[in-house]
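Undergrad:
There are 2 protein chains.
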Amino acid sequence: MFRLLATDGLARAGELITPHGTISTPVFMPVGTQATIKTLTPEQVAGAGAKMLLSNTYHLHLRPGEDTIAALGGLHRFMNWSGAILTDSGGFQVFSLAELTKVTDAGVSFRSHIDGSLVELTPESVVDIQAKLGSDVMMPLDECTSFPTPRDYAREAMERTVAWAARSRAHRRMRGMGRQECLPHRRDETRAENTINGGADIPVCAQALFGIVQGATYPDLRVECARRLVELDFPGYAIGGLSVGEGPEVMNRMLEVTVPELPADKPRYLMGVGPPDDLLDAIARGVDMFDCVLPTRNGRNGFAFTSTGIIRMKNARHARSTEPLDASCDCPTCRNYERGYLRHLFRAGEILGMALVSLHNIAFFVRLMEDARRAIMTGRFKEFHAEFIQSQTER
Amino acid sequence: MFRLLATDGLARAGELITPHGTISTPVFMPVGTQATIKTLTPEQVAGAGAKMLLSNTYHLHLRPGEDTIAALGGLHRFMNWSGAILTDSGGFQVFSLAELTKVTDAGVSFRSHIDGSLVELTPESVVDIQAKLGSDVMMPLDECTSFPTPRDYAREAMERTVAWAARSRAHRRMRGMGRQECLPHRRDETRAENTINGGADIPVCAQALFGIVQGATYPDLRVECARRLVELDFPGYAIGGLSVGEGPEVMNRMLEVTVPELPADKPRYLMGVGPPDDLLDAIARGVDMFDCVLPTRNGRNGFAFTSTGIIRMKNARHARSTEPLDASCDCPTCRNYERGYLRHLFRAGEILGMALVSLHNIAFFVRLMEDARRAIMTGRFKEFHAEFIQSQTER
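In order, the protein sequences belong to chains A and B. Here this note's numbering is used: the first residue of the first sequence is 1, the next is one more, and so on. Here this note's numbering is used: the first residue of the second sequence is 1001, the next is one more, and so on.
#1: For B/Asn1361, which three-state DSSP category applies?
#2: Go ahead and label A/Asp457 buried or exposed: buried means 16 or more other beta carbons lie within 10 angstroms of its beta carbon, across all protein chains shown.
#3: Out of A/Ile114, A/Val27, A/Ala282, A/Pro30, point me to the one whose CA is closest to A/Val257's CA.
#4: What's the call for A/Arg374, buried or exposed, on a 16-neighbour Cβ count within 10 Å?
#5: Taking 8 Å as the CB-CB cut-off, is B/Gly1340 touching chain E?
#6: Could you check whether A/Gly134 and A/Gly74 sit closer than 8 Å to each other, using their CB atoms as the reference points?
#7: Is the number of C-beta pairs between the region 357 to 377 of chain A and the region 9 to 19 of chain A that are closer than 8 Å three or more?
#8: Thinking C-alpha only, which one of A/Phe147, A/Leu86, A/Arg228 is nearest A/Pro19?
#9: Please list, in chain order, the chain B residues whose beta carbon lies closer than 7 Å to that of A/Met79.
#10: Quick one: is A/Pro295 buried, meaning 16 or more other Cβ sit within 10 Å of its Cβ, or exposed?
#11: Which residues mark the beginning and the end of the beta strand (DSSP E) in which B/Glu1120 is found?
#12: Using only CA atoms, which one of A/Glu261, A/His344, A/Asn301, A/Glu99 lies nearest to A/Leu118?
#13: Closer than 8 Å, Cβ to Cβ, to anything on chain B: give me those residues from the region 306 to 326 of chain A, in chain order.
#14: Any C-beta of chain B sitting closer than 8 Å to the C-beta of A/Thr87?
#15: Does the beta carbon of A/His20 come closer than 8 Å to any beta carbon on chain B?
#16: Would A/Asn315 be called buried (16 or more neighbouring beta carbons within 10 Å of its own) or exposed?
#17: My output table needs one value for B/Ala1200: the three-state DSSP class, helix, strand or coil.
#18: Could you tell me the distance, in whole angstroms, from the CA atom of A/Thr195 to the CA atom of A/Glu43?
#19: Once the 5 residues before and after B/Ile1114 are set aside, which same chain residues still bring their CB inside 7 Å of it?
#20: Does the beta carbon of A/Pro295 come closer than 8 Å to any beta carbon on chain B?
#21: Look at the Cβ atom of B/Gly1353, then the Cβ atom of B/Phe1364, and state whether they are nearer than 8 Å.
#22: Alpha carbon to alpha carbon, what distance is there between A/Val31 and A/Arg300?
#23: Tell me the rounded alpha-carbon separation between A/Ala386 and A/Ala35.
#24: Rounded to the nearest angstrom, what separates B/Arg1253 and B/Thr1217 at their Cα positions?
#25: Should A/Glu246 and A/Phe147 be called a contact, given that it needs their Cβ atoms to be closer than 8 Å?
#26: Check whether the Cβ of B/Arg1347 lies closer than 8 Å to any Cβ atom in chain A.
#27: Name the chain B residues that come within less than 8 Å of A/Glu350, Cβ to Cβ?
#28: With respect to the beta strand (DSSP E) encompassing A/Asn56, which residues constitute its N-terminal and C-terminal limits?
#29: Hey, does B/Pro1064 have any beta-carbon neighbour from chain A nearer than 8 Å?
#30: May I ask which residues mark the beginning and end of the beta strand (DSSP E) holding B/Ala1011?
#31: What are the boundary residues of the beta strand (DSSP E) that A/Met29 is part of?
#32: In the structure shown, what three-state DSSP assignment does A/Arg268 receive?
#33: Could you pull out every unbroken beta strand (DSSP E) segment of at least 3 residues lying fully inside the region 1079 to 1122 of chain B, listed in chain order?
#34: Report, in whole angstroms, the separation of the C-beta atoms of B/Ile1351 and B/Asp1277, which I expect to be a contact under 8 Å.
#35: What residue range does the alpha helix (DSSP H) around A/Ala466 cover?
#36: Are the C-beta atoms of A/His76 and some chain B residue less than 8 Å apart?
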């Protein structure tokens, strides 16, 4: 499902082939936790250039439930997104959002953050849930540790993550999941195209199950976890449990020891990362895929990522500015609106402001990946990386 | 600025000619209080069929201020709306939102509902503010009474409204406002078309100033007010101070005595109305123009207007429904989304739900006006009206 097209140092340009389109890598996936990129229609998200997004098993299992989504034709049809979707396993959310979480080797039980009801997830049920959702890439249940984590517990969580990955894989094979069992994305003739696949029907769907490398901030545990997962032979590998407070230096060090253990012909996905600097640092270390709430969450708070750095739309200096948010951006927000208007919307508490800056921020992250890819293809990623850092003077 | 094309009983079909397009009447104007139709982009609003919208002098004067909007090229460019805009005078808002309001014959002073600052509006300043905003239709400052209002006070407010209307008109003439002083709508070549005017530049702009009929629920005061305003010869007449708690019977009675006093060749605008039933009742009595927050406010609360009545999207019965919101609607929401997904969005507190139902509701109101117009043109408005009432069985 992955084609490596070019390398530049450790940085890679490739293609991820999914049932919902071929995705150029490096790729950034906007986050649609509850089957919606907050404040935006899927048409707007596609208009910002995104071709693949992330949604959450944990949230969708709790509400509306995978059976409801399956009854409504699967996640793509449910949310009217014809591009690719990766679903996170819920591991991270169980440990960060849920209450009274209990972990055993069997799985996790916890109280829902919505209504306090008791919920259990196992490696097997998490695969079944994602099969019903019909995402293009599914993640196995993992145990995500916080920072800092004692070595003993980090090993225990890593061992469990590997064991769960093996069970997830076996369960998926036993259930015979492949082309025959996955939900095709029904495309209704009357629905508007969001043009990602040129309107082509997707007749069959093969969901890929990635492995997730854990091991906290211990290089040897990271290496061991990666090797054991590679032995299990997944079509792609995620690196989890980073960007949880350990700081960029430690994160980069973990990438430096982990990535070389992963096969060159498989995609590498750094989960939950991150600010533009971190994305480029990770690309420089051989990572291909990313997701993060930053463009949308910061967008809702009026923080805009631009070619000259982060600008705060609520700032009074923008009140009469006829400048676009980012003069070098061609997203719908920058084409159609001026800073003065955006500032007014935030000051007046209007939702449209959140939507327009979220839209721009997604376009910014998408273009950053496109620019990085072009630099890799032409052998000048290092220069591009340095130029980008230098350009970010506005704070 | 108005062409009467057909009548059917008292109901009228016509055209309102504005610097930003010719608007078919009856027309419903969605409300963009703070220079945005809440939760929607102007492209989405245009996509729902709206060609004219309303914005508020009161709110825009307080925030961001008419000078800021003028510096940013006027209201149309500020909010990227190339259709027509009517601005309310602020009279209604001063009496409903502001604090410590004092009315004298000179004007009104009040405390801003935003920051408590002291603000004064006069008939003259309200015209000047709207000239700076550059709306297509401006309204004079009026004194809007609540319900019930004693007769003495209703007369006093009506007298003041007439006097202010005369001063507004004189001030507008004295200032020589017409083609030369109004702000043209600059259309930037790089901006997306929202296609209302086929992309034509609007080289000059003549803002129309309407008169507003007050008189509370006293037929003789309404008649007197209408006659005195007609003597002043406005290009259009609004009927204000209704739908404030007096009920549909009294409102219809007020329309029945007021409308016959207004010239047939001028548009008639019923301010702040209303539910579909009230719109059709008013059309039946000769009204041409409407505005109301109902489609957007109810949309944000998950109440959808449909061809079979109002449905509540939060209701559990929609959880697995693959039906569109309204099977007889071709708006983007009904083309692309099912009730099950919309219900999920409301249950999960997602803004996209508010946006999609607001969009549908605007399309519903726009189509109701189009259908009414077609019925008038073919001499079957009465039947159309009765059929519509009968169709609204869902509650």
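In this text, a Cβ means the ideal position worked out from N, Cα and C, and glycines have one as well. Bear in mind that the values here come from a model prediction, so they are computed numbers and not experimental data.
TA: Per the coordinate set shown:
#1: helix
#2: Since the first residue of chain A shown is 1 and the last is 395, residue 457 of chain A is not available in this structure.
#3: A/Ala282
#4: exposed
#5: Of the chains in the structure shown, none is chain E; the protein chains are A and B.
#6: yes
#7: yes
#8: A/Leu86
#9: Tyr1341
#10: buried
#11: 1118 to 1121
#12: A/Glu99
#13: Ala319, Arg320, Thr322
#14: no
#15: no
#16: exposed
#17: In this prediction, B/Ala1200 has a pLDDT of 43, which is less than 50 and means its spatial position is unreliable; what the coordinates show is noted afterwards. Coil.
#18: Low confidence applies to A/Thr195: its pLDDT is 43, below 50, so where it sits in the model is not reliable enough to give any reading.
#19: Leu1062, Arg1063
#20: no
#21: no
#22: 13 Å
#23: 36 Å
#24: 9 Å
#25: yes
#26: yes
#27: Gln1034, Thr1036, Lys1038
#28: 52 to 56
#29: yes
#30: 1011 to 1018
#31: 27 to 30
#32: strand
#33: 1084 to 1088, 1099 to 1103, 1108 to 1111, 1118 to 1121
#34: With 8 Å as the limit, B/Ile1351 and B/Asp1277 do not qualify as a contact, their Cβ atoms being about 29 Å apart.
#35: No information on residue 466 of chain A is available, as it lies outside the stretch 1 to 395 that chain A covers here.
#36: no
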